[in-house]
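A.B. asks: Start counting the sequence shown at 151; every next residue gets the next number (our numbering).
Backbone N, C-alpha and C fix where the C-beta goes; we use that ideal spot for every residue, glycine too.
Only a predicted model underlies this, so the values are computations on that prediction, with no experimental measurement involved.
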Amino acid sequence: MEHNALWAALRGRLPIWKPKLPALGGSTPIGFDLASERLNLAQVTPHGKAWRWRAAAAIPYPNGRAELLADPVAFRRLVQDALRSHGFKGRRVVSVLPPGDLQVVSIDYATANGQDDTATLLRTLRERFKGGLDDAVVDILPIRRPPESNLRSAVVAVAPRDKVLAHLDLLTAAGLDPQAVDVGPAALARLARAVVVGDPRANLLLINFGTEHTYLSLLWGRRLMFDRSLPFGEKRLAATLSRNLDLLPERALELLRRHGLGNTGGEIGETITELLQPDFQQLAHEVNRVLIYFASQTHGGAVDGIYVAGSVARLPGAATHIGRLLGMPVHVLNPWQLPGSNPEEVIEPPAGMAVAAGLALREIARRAGD
């Protein structure tokens with residue numbers, strides 16, 4: 151089932167925000183991800199009976215994201231230059247809200263026989279968010295549960311209504327035509343279903359590393375089953391190195407990115423790996439808890455593959471190191487492996503582009519009824 155993006159919650163109440171229908175044969179929307187350090191963009195185009203990547207770009211912010219977003223003129227200039235110089239077509243975009251403007255949580259609740267799931271979930275949400283939801287945009291993605299269970303779960307995205315409107319205003323002022331405001335877990339799940347070929351019922355664990363938090367998403371076949379966040383990210387790893395090596399955090403982060411993990415970075419890389427071992431052991435512990443949870447919910451089922459994306463996944467040797475700790479292969483979620491595309495034509499590192507790529511695939515997934 152396709153995720154109903156935040157946009158859908160606004161579309162019915164705000165007549166001003168009505169995206170134009172694409173012309174026959176027109177371009178697909180551009181995935182538009184305002185990540186912590188870069189603007190990530192991706193777009194697909196038809197290629198026979200399949201799809202291939204038309205364009206992709208990762209544009210560093212000149213002075214930081216907050217400064218750029220506070221200057222609409224500079225933001226428009228950066229966006230228009232990026233679209234023009236990297237071969238994008240059209241101005242329709244699917245975006246995500248910047249971190250801090252959107253809260254994504256997992257909600258567990260129980261329903262009695264014959265009780266309406268939606269009413270129970272809304273009541274649970276109001277109890278969870280004591281501040282009220284009247285001025286918020288709420289989007290709900292149900293999580294698959296065994297049919298015999300009366301337990302329910304959902305991934306819920308909550309954003310202040312004024313933040314969503316300000317985001318749409320920013321995009322429109324930059325000359326863009328926003329089609330949807332999506333959420334990260336839905337975008338990553340969509341990408342995984344597109345690029346992980348083989349058994350479409352394969353069970354996958356997706357690990358998306360952010361700057362400060364990491365998000366674990368379980369795909370049970372083609373449905374999201376579980377989504378949780380952990381206080382783990384590149385910033386935490388840099389802080390550990392900073393304390394142990396008596397370095398400024400910026401210098402520690404530079405070392406981490408240059409030398410990576412394991413033996414890929416020589417002696418310095420091995421030292422970094424040793425110092426970060428407690429952090430990664432904690433990550434492995436949390437991942438194993440998720441795998442145990444999956445087995446308990448599926449009567450002994452197992453995850454068929456683990457895929458990583460985001461900040462830590464970009465570090466040299468990261469996927470191999472995490473796989474060694476978990477005792478099973480770990481792969482980078484690579485958008486450029488989309489069937490029908492030529493990965494040699496794309497130069498952007500795959501780990502940081504996963505969300506933008508998943509956003510770019512949203513319209514295709516909707517057409518396919520996924």
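Grouping DSSP H, G and I as helix and E and B as strand, with all else coil, what is Asp349?
C.D. replies: coil
A.B. asks: For Pro210, write down the residues that DSSP places opposite it in a beta bridge.
C.D. replies: Arg188
A.B. asks: Beta-carbon within less than 6 Å of Glu498's beta-carbon, same chain only, minus the 5 sequence neighbours each way: which residues are those?
C.D. replies: Ala206 and Ala208
A.B. asks: Rounded to whole angstroms, what's the CA-CA distance from Ser303 to Asp258? Just pull it up for me.
C.D. replies: 4 Å
A.B. asks: For Glu417, is the classification buried or exposed, using 16 other Cβ atoms within 10 angstroms of its Cβ as the cut-off for buried?
C.D. replies: exposed
A.B. asks: Return the chain-ordered list of same chain residues with a C-beta closer than 7 Å to the C-beta of Thr361, the five sequence neighbours on each side being excluded.
C.D. replies: Ser186, Gly383, Glu384, Lys385 and Ser461
A.B. asks: Determine the closest residue to Thr274 out of Ser256, Ala389, Leu368 and Leu233, with distance taken between C-alpha atoms.
C.D. replies: Ser256
A.B. asks: Look at the Cβ atom of Leu355, then the Cβ atom of Val254, and state whether they are nearer than 8 Å.
C.D. replies: no
A.B. asks: What does DSSP give as the partner residues of Thr195 in its beta bridges?
C.D. replies: Arg202
A.B. asks: From what residue to what residue does the alpha helix (DSSP H) around Thr481 run?
C.D. replies: Reading off the sequence shown, one finds His at residue 481, where the question assumed Thr. From DSSP, His481 is part of no alpha helix (DSSP H) but of the beta strand (DSSP E) over Val480 to Val482.
A.B. asks: Would you decide whether Arg241 is buried or exposed? Buried here means 16 or more other CB atoms lie within 10 Å of its CB.
C.D. replies: buried
A.B. asks: Kindly indicate which residue of Ala323, Gly250 and Ala337 has the alpha-carbon position closest to the one of Val308.
C.D. replies: Gly250
A.B. asks: Are Val243 and Pro328 close, meaning C-beta to C-beta below 8 Å?
C.D. replies: yes
A.B. asks: Check whether the segment 499–516 and the segment 190–203 are in contact - that is, three or more C-beta pairs closer than 8 Å.
C.D. replies: yes
A.B. asks: Using DSSP bridges, identify the partner residues of Pro249.
C.D. replies: Paired residues: none, contrary to the question.
A.B. asks: DSSP on Asn358, reduced to helix/strand/coil?
C.D. replies: strand
A.B. asks: Near Val305, which residues of its chain fall below 7 Å by C-beta distance, leaving aside the five closest residues on each side in sequence?
C.D. replies: Val254, Ser256, Leu291, Ile293, Pro335, Leu374 and Asp377
A.B. asks: Report the residue from Val246, Val223 and Arg234 whose alpha carbon sits nearest the alpha carbon of Ala504.
C.D. replies: Closest option to Ala504, Cα to Cα, is Val246.
A.B. asks: How many Å lie between Gly502 and Leu341 at the Cα?
C.D. replies: 13 Å
A.B. asks: Mapping DSSP to helix, strand and coil, what is Ala173?
C.D. replies: At Ala173 the pLDDT is 46, less than 50, meaning the model places this residue with poor confidence; the figure from the coordinates comes in the next sentence. Ala173 falls in the coil class under three-state DSSP.
A.B. asks: Cβ-heavy atom distance between Met503 and the ligand NAP below 7 Å?
C.D. replies: What this structure holds is no ligand at all, so the ligand NAP is not there to describe.
A.B. asks: How many Å lie between Val482 and Gly410 at the Cα?
C.D. replies: 15 Å
A.B. asks: Using a Cβ-Cβ cutoff of less than 8 Å, which residues in the same chain neighbour Leu219 once the five nearest sequence positions on both sides are dropped?
C.D. replies: Correct list, in chain order: Leu184, Phe225, Pro248 and Leu320.
A.B. asks: According to DSSP, is Val453 part of a helix, a strand, or is it coil?
C.D. replies: coil
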